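There are 2 protein chains.
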Amino acid sequence: MGLRQSWVGSANEPGCDFPLNNLALGVFDAGHGRRCGVAIGDQIADATALEAAGLLSLGTPLLTHPSWNALMAAGPTIWADFRVQMTDLLRAGAPAQAKVAPHLHAMQGATLHLPFTVSEFTDFYAGRHHATNVGTMFRGADNALPANWLHIPIGYNGRASSVVVSGTPVRRPWGQVKGPDDNVPRFTPSQRFDFELELGAIIAQPSNGPVSVAQANDMIFGYVLLNDWSARDIQAWEYQPLGPFQSKATATTISPWIVMRAALDPFCAAPPDRETPLLPHLADSGDDFHDIALDVTLTPQNGTPETITRTNTRELYYSPAQQLAHHTTSGCPMRVGDLLGSGTISGPTPDSRGSMLELSWGGQTPINVGGTPRAFLEDGDTVTFHGAAVAPDHRIGFGTCDGTILPALPNPYAS
Amino acid sequence: MGLRQSWVGSANEPGCDFPLNNLALGVFDAGHGRRCGVAIGDQIADATALEAAGLLSLGTPLLTHPSWNALMAAGPTIWADFRVQMTDLLRAGAPAQAKVAPHLHAMQGATLHLPFTVSEFTDFYAGRHHATNVGTMFRGADNALPANWLHIPIGYNGRASSVVVSGTPVRRPWGQVKGPDDNVPRFTPSQRFDFELELGAIIAQPSNGPVSVAQANDMIFGYVLLNDWSARDIQAWEYQPLGPFQSKATATTISPWIVMRAALDPFCAAPPDRETPLLPHLADSGDDFHDIALDVTLTPQNGTPETITRTNTRELYYSPAQQLAHHTTSGCPMRVGDLLGSGTISGPTPDSRGSMLELSWGGQTPINVGGTPRAFLEDGDTVTFHGAAVAPDHRIGFGTCDGTILPALPNPYAS
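Read top to bottom, the protein sequences are chains S and Z. Take the working numbering: the last position of the first sequence gets the number 429, and nothing is skipped along the way. Take the working numbering: the last position of the second sequence gets the number 429, and nothing is skipped along the way.
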């Protein structure tokens with residue numbers, strides 16, 4: 015499918031993240047309170063206002079609250095209808111152009127908020143290169159992958175309360191750590207604070223029992239970039255035997271625009287080769303993966319952005335649908351607004367790794383960022399993710415997912 | 015403090031879980047829709063109706079929705095005021111008795127629902143005997159306690175969506191398992207389905223940064239009994255390295271009555287001896303433990319209830335306030351309605367263990383229940399928790415927390 019021309023000129027420009035083909039969904043404030051908005055070129059179409067004006071009609075009002083959850087809950091037929099109507103309002107030659115134009119706002123200058131209310135957040139570990147790298151560092155190359163890894167998309171429950179929108183500063187956390195040279199644990203600001211490059215899948219249909227991989231795919235509304243900030247030193251001390259907890263609870267940043275699954279359909283990709291067959295309940299149901307190019311820039315305080323890694327969501331071993339299907343095997347109810355992180359997406363080469371832990375190989379080989387070595391993140395660093403599915407004449411972009419590291423607070427428990 | 019006499023006669027009877035001293039909070043339906051209710055003897059006072067009638071006034075209406083979250087969010091001053099007013103309405107000789115009486119409903123016959131909306135659910139592992147027992151089974155007596163166990167209340171995030179109220183049947187889950195004799199994993203109904211006897215703490219004040227143990231204690235609104243149903247075979251295969259996930263996601267059952275922290279103040283207990291000192295941020299801040307007697311009955315299908323364990327919440331090594339303080343160290347935001355499970359509360363003796371895993375020592379020594387051996391739970395078994403803080407002339411009871419095991423569904427993925 016080629017570029018769909020919009021009467022919003024910037025949407026037709028090469029390299030634009032938000033052509034008419036995308037129709038990404040956000041919540042914005044351009045000075046008149048929070049509204050549901052649709053990204054188009056360098057503009058945001060005020061969807062709440064379009065609905066109020068009768069230019070967009072979804073049966074019942076779904077956009078009166080500044081969150082996309084109501085549309086999400088409305089189901090796939092409404093999602094498709096919404097895309098048809100928005101396309102018709104914004105396409106080149108749209109009869110309604112003059113009526114829609116007053117409801118556009120410059121993206122620059124608008125404040126973006128979380129695009130949906132996160133019900134619960136689960137983080138998977140579905141990237142094979144990442145799991146292999148981390149396992150090699152911690153357990154040696156011969157035991158890199160956990161025994162279960164090729165059989166189930168392992169994951170853990172995270173904290174929905176810690177999910178923040180791109181641009182929110184992230185405060186370096188304190189935590190209890192015990193290094194190999196420590197006789198007793200210490201309470202300290204994390205010295206090994208890190209990012210994790212992930213894709214977030216947004217669940218928009220509930221379930222109350224096990225669902226198949228195909229059913230799971232239909233429950234996914236869209237995707238965001240997701241940075242699962244991680245304190246490696248806190249994690250190393252706390253994670254046995256119950257898994258990551260406070261090391262992952264400071265913040266999880268998501269990009270502000272939901273890219274709907276429908277926008278990514280032309281960029282579906284086949285599953286990876288399976289080293290061992292998956293059991294039937296997790297078997298591949300189709301081309302449920304996506305070809306989305308990802309990169310990360312790191313900008314030191316007062317420095318210039320430097321790209322430190324490039325990878326692709328095709329590096330995932332388990333699709334979001336497989337992650338979700340596994341999530342329901344026990345009967346675990348899923349709800350509208352559940353967010354599933356993919357786990358870190360690393361590629362096979364050293365320059366395609368999705369975390370500082372891997373890029374610096376546990377801190378042993380710091381990378382060069384603007385002339386200074388970086389093993390983990392320093393105060394003032396800004397980490398920025400970019401992602402886009404790329405066609406010859408357009409791209410379906412996610413915008414950016416960024417956060418700046420603030421220094422740790424003084425010891426919150428000093429007397 | 016002795017028994018406070020109520021004009022509701024059943025509240026003054028020995029052995030009653032709900033004397034005037036308790037004022038436990040639930041959501042009930044006695045045929046007129048869901049309402050906020052206060053347990054008094056064998057009756058429920060319709061607090062929603064009392065507020066609507068002007069007999070209970072909390073500044074703004076807080077009980078119009080069938081959930082106690084609004085009162086919880088209102089803060090400690092309102093919580094205390096609420097208890098004063100309810101006591102005044104229900105005490106012997108209350109001037110308002112005639113006006114209140116029409117708003118009482120028999121507890122028997124009323125349907126009880128979740129008393130609050132669970133924001134997020136976290137499960138700790140704060141019982142030393144339980145951690146020692148499980149560790150001994152899995153790693154041997156010399157390495158029973160994980161290295162971090164005496165230094166932090168380790169825990170993991172659970173699923174709020176799976177929290178159900180007492181009485182809700184629990185369906186035996188399917189899951190992927192791989193036993194020691196299996197060459198490859200299998201997808202099967204759990205054969206080692208279990209209960210875990212826990213105390214649940216309800217967080218009712220938000221935080222947005224680290225809080226001290228003393229501050230944490232003030233954020234706790236009340237307590238429920240909590241059964242963290244666990245599929246041990248699924249857990250054994252999935253839990254490395256990210257912790258329990260689907261093994262704990264089928265259901266978590268809570269008792270229907272919130273016992274407010276104020277009701278338990280007379281039953282505060284001192285911390286246990288500390289084998290190693292806790293770091294300052296987790297140090298004991300006072301008598302934050304409680305003396306609450308617990309027991310579990312197991313009722314086989316068509317059988318009679320048999321008490322299979324007796325223990326006490328004093329067996330916890332970390333208080334709920336310490337659990338909560340640790341939860342916030344990273345800056346993790348807490349919200350009104352967060353639920354913290356204590357972890358399994360086992361005592362030091364074989365007949366005080368809080369799970370079948372421990373009672374049957376991993377299935378090796380099944381216990382006798384009504385003449386038949388039980389290693390784990392069978393279909394049709396009903397597990398019932400009881401809990402009460404016991405004074406010479408009254409008790410602060412929790413009611414019961416029960417669930418009956420339904421057989422697994424047919425293979426949900428059979429083609």
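We put the beta carbon where it would ideally sit given N, CA and C, even for glycine. What you are looking at is a predicted structure, and each value in this text was computed from that prediction instead of being measured.
Item to check | Proximal residues, the region 165-176 of chain Z versus chain S, C-beta separation under 9 angstroms | outcome: For the region 165-176 of chain Z, the set of residues with a beta-carbon nearer than 9 angstroms to any beta-carbon of chain S comprises His165, Ile166, Ile168, Gly169, Tyr170, Asn171, Gly172, Arg173, Ala174, Ser175, Ser176, in chain order.
Checklist entry - When the Cα atoms are used, what is the spatial distance from Arg185(S) to Leu420(S)? => result Stepping through the first sequence from its first residue, residue 185(S) is reached at position 171. Stepping through the first sequence from its first residue, residue 420(S) is reached at position 406. Approximately 5 angstroms, taken between the alpha carbons.
Item to check | C-alpha distance - His127(S) paired with Leu239(Z), whole-angstrom precision | outcome: Here residue 127(S) is taken as the residue at index 113 of the first sequence, counted from 1. Here residue 239(Z) is taken as the residue at index 225 of the second sequence, counted from 1. Going by C-alpha positions, His127(S) is about 38 angstroms away from Leu239(Z).
Next on the checklist: Quick check: Ala13(Z) and Gly189(Z), are their CB atoms within less than 8 angstroms of each other?
Outcome noted: Residue 13(Z) cannot be examined here, being either before or after the span of chain Z that is shown, 15 to 429.
Next on the checklist: Restricting to Cα atoms, I'd like to know which of Arg105(S), Ala106(S), Leu77(S), Leu104(S) is closest to Ile92(S).
Outcome noted: If you number the first sequence from 1, residue 92(S) lands on position 78. Of Arg105(S), Ala106(S), Leu77(S), Leu104(S), the smallest CA-CA separation from Ile92(S) is found for Leu77(S).
Checklist entry - Can you name the residues that DSSP bridges to Ser244(S)? => result Within the first sequence, numbered from 1, the residue matching residue 244(S) stands at position 230. Paired residue(s): Asp208(S).
Next on the checklist: At the level of alpha carbons, what is the spacing between Gly345(Z) and Gly394(S)?
Outcome noted: In the second sequence, counting from the first residue as 1, residue 345(Z) sits at position 331. In the first sequence, counting from the first residue as 1, residue 394(S) sits at position 380. Near 18 angstroms, if we compare the C-alpha coordinates of Gly394(S) and Gly345(Z).
Checklist entry - Going by C-alpha distance, which of Met121(Z), Lys113(Z), Tyr331(Z) is nearest Arg288(Z)? => result Taking the first residue of the second sequence as 1, we reach residue 288(Z) at position 274. Each of Met121(Z), Lys113(Z), Tyr331(Z) was checked against the Cα of Arg288(Z), and the nearest Cα belongs to Tyr331(Z).
Item to check | For Gly317(S), three-class secondary structure by DSSP | outcome: What you label residue 317(S) is simply residue 303 of the first sequence in a count that begins at 1. Here Gly317(S) sits in coil by DSSP.
Item to check | Residues that Cys30(S) contacts on chain Z, provided the C-beta gap is smaller than 7 angstroms | outcome: Translated into the one-based positions of the first sequence, residue 30(S) becomes position 16. None at all; the shortest Cβ gap to chain Z is about 35 angstroms.
Checklist entry - If you draw a straight line from the C-alpha of Ile216(Z) to the C-alpha of Ser374(S), how long is it? => result Translated into positions along the second sequence, residue 216(Z) becomes position 202. Translated into positions along the first sequence, residue 374(S) becomes position 360. Cα-Cα distance, rounded: 42 angstroms.
Checklist entry - What does Gly181(S) touch in chain Z if you count any residue whose Cβ is under 9 angstroms from its own? => result As a working note, residue 181(S) is residue 167 in the first sequence. Those do not exist, as Gly181(S) stays about 17 angstroms from chain Z at its closest Cβ, beyond 9 angstroms.
Item to check | Ala250(Z) versus Met151(Z) - alpha carbon distance | outcome: For the purposes of this step, residue 250(Z) is taken as the residue at position 236 of the second sequence. For the purposes of this step, residue 151(Z) is taken as the residue at position 137 of the second sequence. Using only the alpha carbons, I get a separation of about 12 angstroms.
Checklist entry - Which residues of chain S have a Cβ atom closer than 8 angstroms to the Cβ of Thr348(Z), listed in chain order? => result Along the second sequence, one-based indexing puts residue 348(Z) at 334. Here the sequence assigns Met to residue 348(Z), which means Thr is not the residue at that position. Neighbours of Met348(Z) on chain S, chain order: Ser175.
Next on the checklist: Give the list of continuous alpha helix (DSSP H) stretches no shorter than 4 residues that lie fully inside the region 60-111 of chain S.
Outcome noted: Secondary structure in the region 60-111 of chain S: the alpha helix (DSSP H) runs of 4 residues or longer, each lying completely within the stretch, are 61-66, 83-88, 90-104 in chain order.
Checklist entry - Using a C-beta cutoff of 8 angstroms, does Trp21(Z) count as contacting chain S? => result Within the second sequence, residue 21(Z) is the residue found at index 7, counting from 1. Not one chain S Cβ lies under 8 angstroms of Trp21(Z).
Next on the checklist: Assuming Asn171(S) is part of the beta strand (DSSP E), what are its boundary residues?
Outcome noted: Position 157 of the first sequence, counting from 1, holds the residue named residue 171(S). Segment 169-171, the beta strand (DSSP E) holding Asn171(S).
Item to check | Where Val227(Z) sits in the DSSP three-state scheme | outcome: Counting from 1 along the second sequence, the entry for residue 227(Z) is found at position 213. Note: Val227(Z) maps to helix in three-state DSSP.
Checklist entry - So is Ser344(S) in contact with chain Z if we call contact Cβ pairs under 8 angstroms? => result As a first step, residue 344(S) is located in the first sequence; it is residue number 330 there, counting from the start. Chain Z, which has a Cβ nearer than 8 angstroms to the Cβ of Ser344(S), makes this yes.
Checklist entry - Given that Arg288(S) touches chain Z, what residues does it touch there, using C-beta distances under 7 angstroms? => result Stepping through the first sequence from its first residue, residue 288(S) is reached at position 274. The CB of Arg288(S) never comes closer than 7 angstroms to any CB in chain Z; the least such distance is about 13 angstroms.
Checklist entry - If Gly141(Z) sits next to Ile359(Z), beta carbons under 8 angstroms apart, how far is it from one beta carbon to the other, in whole angstroms? => result Translated into positions along the second sequence, residue 141(Z) becomes position 127. Translated into positions along the second sequence, residue 359(Z) becomes position 345. So it is a contact: roughly 5 angstroms between Cβ atoms.
Next on the checklist: For a contact defined as C-beta to C-beta under 8 angstroms, what are the partners of Ala25(Z) on chain S?
Outcome noted: Numbered from 1 along the second sequence, position 11 holds the residue referred to as residue 25(Z). Result: empty, since nearest Cβ-Cβ is about 37 angstroms, beyond 8 angstroms.
Item to check | is_contact[Tyr139(S), chain Z] using C-beta, thresh 8 angstroms | outcome: Numbered from its first residue, the first sequence carries residue 139(S) at position 125. With 8 angstroms as the cut-off, Tyr139(S) counts as an interface residue toward chain Z.
Item to check | Reduced DSSP category for Ala307(Z) - H, G, I as helix; E, B as strand; rest coil | outcome: Here the question's residue 307(Z) lines up with position 293 in the second sequence. Of the three classes helix, strand and coil, the one that applies to Ala307(Z) here is strand, per DSSP.
Checklist entry - So which residues on chain S does Arg185(Z) lean against when the C-beta distance must stay under 7 angstroms? => result Here residue 185(Z) refers to the residue found at position 171 when the second sequence is read from its first residue. One finds Gly345 in chain S with Cβ atoms closer than 7 angstroms to the Cβ of Arg185(Z), taken in chain order.
Checklist entry - Are any of the Cβ atoms in chain Z nearer than 8 angstroms to that of Ser226(S)? => result The count along the first sequence starts at 1 and reaches residue 226(S) at position 212. Yes, because at least one Cβ of chain Z sits closer than 8 angstroms to the Cβ of Ser226(S).
Checklist entry - Along the chain, where does the alpha helix (DSSP H) that runs through Leu354(Z) open and close? => result Residue mapping note: residue 354(Z) aligns to position 340 of the second sequence, counting from 1. For Leu354(Z), there is no enclosing alpha helix (DSSP H); the enclosing beta strand (DSSP E) covers residues 353-355.
Checklist entry - Is the shortest distance between the beta-carbon of Gln205(S) and the beta-carbons of chain Z less than 8 angstroms? => result One-based indexing of the first sequence puts residue 205(S) at position 191. Chain Z contact via Cβ: absent.
Next on the checklist: On the DSSP letters alone, give me the boundaries of the beta strand (DSSP E) that Asn382(Z) sits inside.
Outcome noted: Locating residue 382(Z) in the second sequence gives position 368, counting from the first residue. Element bounds for Asn382(Z): 381-383.
Item to check | Cβ shell of Ser226(Z) (< 8 angstroms), same chain only, five flanking positions each side left out | outcome: In the second sequence, the residue the question calls residue 226(Z) occupies position 212. Closer than 8 angstroms at Cβ, skipping near neighbours: His295, Ser299, Ala339.
Checklist entry - So the beta strand (DSSP E) Pro508(Z) belongs to, where does it begin and stop? => result There is simply no residue 508(Z) to check, as chain Z begins at 15 and stops at 429 in what is shown.
Item to check | Beta-carbon spacing of Leu39(Z), Gly214(Z) below 8 angstroms | outcome: Translated into the one-based positions of the second sequence, residue 39(Z) becomes position 25. Translated into the one-based positions of the second sequence, residue 214(Z) becomes position 200. Contact: no.
Checklist entry - Taking Cβ-Cβ distances below 9 angstroms as the criterion, which residues of the region 309-338 of chain Z are in contact with chain S? => result Residues: none.
Next on the checklist: Here's the rule I'm using: 16 or more other beta-carbon atoms within 10 Å means buried, otherwise exposed. How should His119(Z) be labelled?
Outcome noted: Your numbering for residue 119(Z) matches position 105 in the second sequence. Classification for His119(Z): buried.
Checklist entry - Assuming Leu293(S) and Phe130(Z) make a contact with CB atoms under 8 angstroms, what is their CB distance in whole Å? => result Here residue 293(S) refers to the residue found at position 279 when the first sequence is read from its first residue. Here residue 130(Z) refers to the residue found at position 116 when the second sequence is read from its first residue. At roughly 38 angstroms, the Cβ-Cβ gap does not stay under 8 angstroms, so Leu293(S) and Phe130(Z) are not in contact.
Checklist entry - In whole angstroms, what is the alpha-carbon distance linking Gly45(Z) and Leu423(Z)? => result As a first step, residue 45(Z) is located in the second sequence; it is residue number 31 there, counting from the start. As a first step, residue 423(Z) is located in the second sequence; it is residue number 409 there, counting from the start. Each residue's alpha carbon lies about 32 angstroms from the other.
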